[in-house]
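**Q** Quick one: the structure is below, questions incoming.
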Amino acid sequence: MYHANALRLTRLESGIGHLVFDLAGSPVNKFNRQTLDELREVLALVAGSDLRGLLCSSAKSGFIAGADIAEFSSQFRLPASELSAWLAQSQALFSTLAALPIPTVSLIDGQALGGGFEFCLATDYRLATRAAVLGFPEVGLGICPGFGGTVRAPRVMDTQAAVSWIVSGQSHTADEALSAGAIDALVDAQLLLESGIEQIEQALQQPEVWQQGRHARQAALTPGDTGAAACAGVRAALQAAGANPNPAPALVLQLLERSVAVSAAEALAQEIACFVSLAHSDVAASLVGLFVADQQLRQKTRAWAARGKAADRIAVLGAGIMGGGIAYQAALKGIDVQMKDIAQAGLDAGMKEAQQLLGRQVQKGRLSHAQAAEALARIHPTLDYSGFAEVDLVVEAVVEKQAVKQAVLAEVERQVPATAILASNTSTISITALAQPLQRPAQFCGMHFFNPVPLMPLVEVIRGEGSSEQSIASTVATAQRLGKTPIVVRDCPGFLVNRILFPYFGAFAMLLRDGADPRAIDAAMEAFGWPMGPAWLLDVVGLDTAVHAQAVMAQGFPDRMQYDFTSATQWLFESGRLGQKSGAGFYRYTPDAAGRLQKQVDEQALALIRSQQKASRDFTAQEIVDRMMLPLCLETVRCLEDGIVDTAAEADMGLVLGLGFPRFRGGALRYLERQGLAAFCALADALAALGPLYHPTATLRAMAAAGARFHA
Ligand code: 3HC
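With this note's numbering, the residue at position 528 of the sequence shown is 528, and numbering never jumps.
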């Protein structure tokens, strides 16, 4: 009856229509403009036909993944009137589906999320397989459901469950959906179509029951089943969770509190107003921007990986925290690892680290004891090069000293097959410099993991001057196999993430020099959205590591990263404070009953810092944020200009994944862009006396003058 790019409609023998979603050229079905246009045509066709009922299913492994998020960035820049008109049109389409004069059934196999689930809620019945996953992820994008989800879900499902699903943004299994009343029945995948036909026949036999359901969905909810009561529990949970920079959960809850008490028609209008105000927020722009950046990054990664070959066997040199973490990650993903150290004590520590990490997976129920034991058996500790003749890739994770790394790399190069790739996990030292003593520099690159390895998703894959495309491609493929998100960057001291982090630490050092209290700096940066302030972060990194890395960065970029004063980090380090690892740094750390380190104010550290300050001075939170964020953002701009990273999307993703840059701010370049490039340069000029870390580049000034942007 209908066959277009995203939808096809056929007439079954029983006179029932079968609408199949199958968007050409896309791995998922989504409501992009084209699908919505085709749906309009199909519904008009159905309404004018003699079909007895309508079944809706998907030809893909999922049902429908929601509205097309890739279209959001441009849509959300539309003025309120145009955005409202788009939503009103889409809502009208779903209302047309809900009002068809025949029974309608969604057959859900796989994900039905956001607009996809809203579509299901507009049909009379929902049958799902065990593979179904349902939910409203919209709040995670800083928005609320906009195709009638806030109106239909509380009227179709258990009201409290509906409110909780919408406000939390979490996805739910088919069983959870059944007990929440989100689906009518769970059916076997093979029987899905047949069960749908039965459901339609049943509705036709009992039209009053089928129609009753429709009437209930149009009305305001009665005080007994609803509103205040259903929302109150969710409100309490939201308040208990504390302040949230993302306004979507609180605003959608307010919407639901109002809209459950009015008619469906009125509630739809209220949903549009809420959606538009959220869509125009900075948070939505950031979160949608990150979704798109992630999509772009994944496409690039796939292209790289397709040209390479992921390692089947790897070796790790150095069994410290990083080496042990990398070995654990590889073993977890089914890869055999030779873990070499020069000392038995090192190997024991590395094995202990891997064992503890696997134990935690067992505790959390993610691995069985047998699986954990199997994974551990994949790690082969060794003091010599046994097994190295069979490896495809070696990750060097020895002490962060150029001469030591060079010697170790030159030695290991003689032990591995000529085809093997050597990768250094250095966090700051130039890959080109490390390649100097190697016979096969083409097969050498950087593979920089972040600490703690199991938790941090990013791996920087660094191209030295001599690294071959093939080595980069295979290292990307291996990082992917390890479950990480690789970003390919060009070589320079600190690469992308640490090159940007150290100017931020530089700003911190200057604030302390100028009289600020480290606790006030941490408080301001945590309120800004960072998971931990810079003083706490330095304690986690280790003050010894930070001082050492700072020296490498200063050598690489003396004009702006060489301090002309002694930093507080240096003072504390010289007084024997190494941060968390020694129990004291900027703060003091004591383990609680569960062994987790608790951070406490350390008067001795504060006294030491004060003794080095000329005067103490109070800075406002905004002054602190400006002084901290400017050098970080400007260094990100420099990395982009220097070609260290290819795109603004990758730079922002790198900071979010590698540093924990607050997601709701979308990354450094998006944050900068949000301030306005001209305003940002003006702020930098006002702080220019602080030194070159605060000086905008000529290109940034030119972009500001031309009204250019980093992100489309
Ligand atoms: N819009 C645009 N692209 C989407 C998309 C969407 N809603 N959902 C998935 N995609 C893309 C992915 O980016 C990916 O693109 P790529 O091939 O270029 O990398 C591709 O589809 C396949 O996705 P995954 O690799 O993530 O496949 P999985 O099988 O691992 O996961 C999924 C599938 C669970 C659907 C996951 O993609 C997902 O969570 N998508 C987002 C779902 C979402 O947030 N929906 C709500 C949209 S907002 C909305 O509907 C508003 C409405 O109320 C008005």
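Glycine included, every Cβ here is placed at the ideal spot set by N, Cα and C.
In this text, all values refer to a predicted model and were calculated from it rather than measured experimentally.
Is any heavy atom of ligand 1 found at a distance shorter than 7 angstroms from the C-beta of ARG298?
**A** Checking the Cβ of ARG298 against ligand 1 gives yes.
**Q** Starting from LEU383, follow the alpha helix (DSSP H) in both directions and report where the run begins and ends.
**A** It is not in any alpha helix (DSSP H) - LEU383 carries neither H nor E in the DSSP assignment.
**Q** Verify whether the separation of the beta carbon atoms of LEU597 and THR569 is less than 8 angstroms.
**A** For LEU597 and THR569, no; Cβs fall outside 8 angstroms.
**Q** In this structure, does DSSP put MET532 in helix, strand or coil?
**A** Coil, per DSSP.
**Q** Leaving out five residues on either side along the sequence, give the residues of the same chain with a beta carbon under 6 angstroms from the beta carbon of GLY115.
**A** Answer for GLY115: PHE31, GLY66, ALA67 and PHE147, listed in chain order.
**Q** In the structure shown, what three-state DSSP assignment does GLU353 receive?
**A** Helix at GLU353.
**Q** Assign LEU342 to one of three DSSP states: helix, strand, or coil.
**A** The sequence as given places Ile at residue 342; Leu does not occur at that position. In the structure shown, ILE342 sits in coil (DSSP, three-state: anything other than H, G, I, E or B).
**Q** From the DSSP output, in three-state form, read off LEU630 for me.
**A** In this structure, LEU630 counts as helix in the three-state DSSP scheme.
**Q** Does the separation of the CB atoms of PRO503 and THR428 fall below 8 angstroms?
**A** The answer is no: Cβ separation not under 8 angstroms.
**Q** On the CB-based measure, 16 or more other CB atoms within 10 Å of its CB, does PRO137 come out buried or exposed?
**A** Per the 10 Å Cβ criterion, buried.
**Q** Quick one: residues with CB closer than 6 angstroms to any heavy atom of ligand 1, in chain order, please.
**A** Cβ atoms closer than 6 angstroms to ligand 1 belong to PRO27, VAL28, LYS30, GLY62, ALA65, GLY66, ALA67, ASP68, ILE69, ALA70, GLN111, LEU113, GLY114, GLY115, GLU118, PRO137, GLU138, LEU141, PRO145, GLY146, PHE147, GLY149, GLN295, ARG298 and GLN299.
**Q** What are the boundary residues of the beta strand (DSSP E) that includes ARG8?
**A** Residues 7-11.
**Q** Smallest Cα separation from ALA24: which of ALA267, SER58 and ASP626?
**A** Comparing Cα-Cα distances from ALA24 to each of ALA267, SER58 and ASP626, the minimum goes to SER58.
**Q** Taking ILE166 as the reference, which of PHE94, PRO249 and GLU176 has the closest Cα?
**A** It is PRO249.
**Q** Just to confirm my understanding: we take ILE379, look at its own chain, exclude 5 residues before and 5 after, and list those with CB closer than 6 angstroms. What are they?
**A** Excluding sequence neighbours, ILE379 sits near ALA327, ALA331, VAL337, MET339 and ALA354.
**Q** Are the region 200-216 and the region 239-257 in contact at 8 angstroms, needing three or more beta carbon pairs?
**A** Judged by Cβ distances under 8 angstroms, the region 200-216 makes no contact with the region 239-257, as fewer than three pairs qualify.
**Q** Considering only residues of the same chain and omitting the five flanking positions on each side of VAL234, which have a CB-CB separation below 7 angstroms?
**A** Around VAL234: VAL163, SER164, VAL167 and LEU253.
**Q** Give the straight-line distance between the Cα atoms of GLY371 and ARG481, rounded to the nearest whole angstrom.
**A** Here residue 371 is Gln; the residue named in the question, Gly, does not match the sequence. Rounded to the nearest angstrom, the two C-alpha atoms are 18 angstroms apart.
**Q** Is DSSP giving THR104 helix, strand or coil here?
**A** Looking at THR104 - three-state DSSP - the assignment turns out to be strand.
**Q** Which word fits LEU191, buried or exposed, when buried means at least 16 other C-beta atoms lie within 10 angstroms of its C-beta?
**A** Exposed, because fewer than 16 other Cβ atoms sit within 10 Å of the Cβ of LEU191.
**Q** Using 10 angstroms around the beta-carbon of GLU118, count the other beta-carbons present and answer buried if the total reaches 16, otherwise exposed.
**A** It is buried - the Cβ of GLU118 has at least 16 other Cβ atoms within 10 Å.
**Q** Kindly list the residues whose CB is nearer than 8 angstroms to the CB of VAL105, restricted to its own chain and excluding five residues on each side of it in sequence; keep chain order.
**A** Result list for VAL105: GLY53, LEU54, LEU55, CYS56, THR123, ASP124, TYR125, ARG126, LEU127, GLY196, GLN199 and ILE200, in chain order.
**Q** Going by the CB atoms, is the gap between ARG155 and ALA264 shorter than 8 angstroms?
**A** Contact: yes.
**Q** What is the C-beta distance between PRO662 and PHE565, in whole angstroms, given that I count them as a contact (C-beta under 8 angstroms)?
**A** Between PHE565 and PRO662 the Cβ distance is about 29 angstroms, and since that is not below 8 angstroms, they are no contact.
**Q** Measure from the alpha carbon of LYS333 to the alpha carbon of each residue in PRO381, GLN295, ALA704 and LYS484, then state which is nearest.
**A** The option with the nearest alpha carbon to LYS333 is LYS484.
**Q** Whole beta strand (DSSP E) runs in the region 290-323 with 3 or more residues, listed along the chain?
**A** With a minimum length of 3 residues, the continuous beta strand (DSSP E) runs that stay inside the region 290-323 are 313-317.
**Q** How would you label LEU9, buried or exposed, when you count the other beta carbons within 10 angstroms and need 16 or more for buried?
**A** Counting Cβ neighbours within 10 Å, LEU9 comes out buried, since at least 16 surround it.
**Q** Using CA atoms only, rank isn't needed, just tell me which of LEU268, GLN270, ARG513 and THR159 is closest to ALA230.
**A** Of the candidates LEU268, GLN270, ARG513 and THR159, the one whose C-alpha sits nearest the C-alpha of ALA230 is THR159.
**Q** Which word fits ASP559, buried or exposed, when buried means at least 16 other C-beta atoms lie within 10 angstroms of its C-beta?
**A** So ASP559 ends up on the exposed side.
**Q** How many angstroms separate the CA atom of HIS369 from the CA atom of LEU376?
**A** About 11 angstroms.
**Q** What whole-angstrom Cβ distance do ALA684 and LEU630 have, given they're in contact under 8 angstroms?
**A** Sure, about 6 angstroms apart at Cβ, within 8 angstroms.
**Q** Output the distance between the C-alpha atoms of TRP571 and THR301, rounded to the nearest integer angstrom.
**A** Cα to Cα, the separation comes out at about 42 angstroms.
**Q** Could you tell me which of HIS18, ASP341, LEU358 and MET525 sits nearest to GLU194, measuring between CA atoms?
**A** It is HIS18 whose Cα lies nearest to the Cα of GLU194.
**Q** What residues in its chain sit with their C-beta under 7 angstroms from that of GLN406, if we drop five residues either side in the sequence?
**A** Excluding positions up to five away in sequence, the list reads LEU434, GLN436 and PRO437.
**Q** Name the two residues that bound the continuous alpha helix (DSSP H) containing PHE31.
**A** From DSSP, PHE31 is part of no alpha helix (DSSP H); its letter is neither H nor E.
**Q** Would you mind working out which of PRO591, THR590, GLN562 and VAL547 sits nearest SER575, comparing C-alpha positions?
**A** Answer by Cα proximity: VAL547.
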